[in-house]
Amino acid sequence: MRYAEICDRSPEQFRRLTGVLPTTFEAMLKVIRAARREFGRPPKLVLADQLLLTLLYWREYRAQYHLAADFGISEPTSAGSFGEWRMNSPEQRVSIAAAAAARRGHRICRDRDRCDRKPD
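Structure below.
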């Protein structure tokens with residue numbers, strides 16, 4: 004499943020699948036694009052697909068193997084995709100991934116305590 008396949012769904016269907024509304028997804032993508040640096044070899048997944056993979060992982064806690072199979076990439080590539088968004092600290096992960104969601108009053112996690120936890 005790729006972002007191009009789900010972007011035309013209704014906002015409610017999109018939210019049920021990813022945990023965020025399409026407008027929130029676009030705002031998150033804008034924040035990530037602004038903070039991202041381009042270097043090295045091009046990624047196997049475009050930025051929207053990397054964000055989608057990350058949201059699906061956080062929402063469903065599926066095995067990396069299954070996510071990789073759905074996106075047509077290898078397991079290490081899938082681990083690198085959502086590992087990139089963790090960005091070394093929970094505070095950065097929450098600030099980048101939830102900045103747009105928080106602006107609109109949405110959460111991207113099912114467990115509020117886990118989402119709002121301060122870094123150790």
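Under the numbering used here, think of the first position of the sequence shown as 4, with each following residue one higher. Every residue, glycine too, gets a C-beta built ideally from N, C-alpha and C. Since the model is a prediction, treat every value here as computed from it, not as a measurement.
Inter-residue spacing [alpha-carbon to alpha-carbon] between I76 and E29: 23 Å
Check whether R65 and T21 have beta carbons under 8 Å apart: no
Contacts around D52, its chain only, beta-carbon distance under 6 Å, and the 5 residues preceding and following it disregarded: R5 and Y6
P79 versus S13: straight-line alpha-carbon distance, rounded: 32 Å
Cβ distance (whole Å) where I35 is taken to contact L50 below 8 Å: 7 Å
L70 beta carbon less than 8 Å from that of L59: yes
Simplified DSSP state of M31, which is helix, strand or coil: helix
Reduced DSSP secondary structure (H/G/I, E/B, other) of G83: helix
K33 versus D73, L54, F74 and Y68, residue with shortest Cα-Cα distance: L54
Neighbourhood of Q67 by C-beta distance below 7 Å, restricted to the same chain and skipping five residues each side: E78, S81 and A82
Span separating the alpha-carbon of E8 from that of L24: 15 Å
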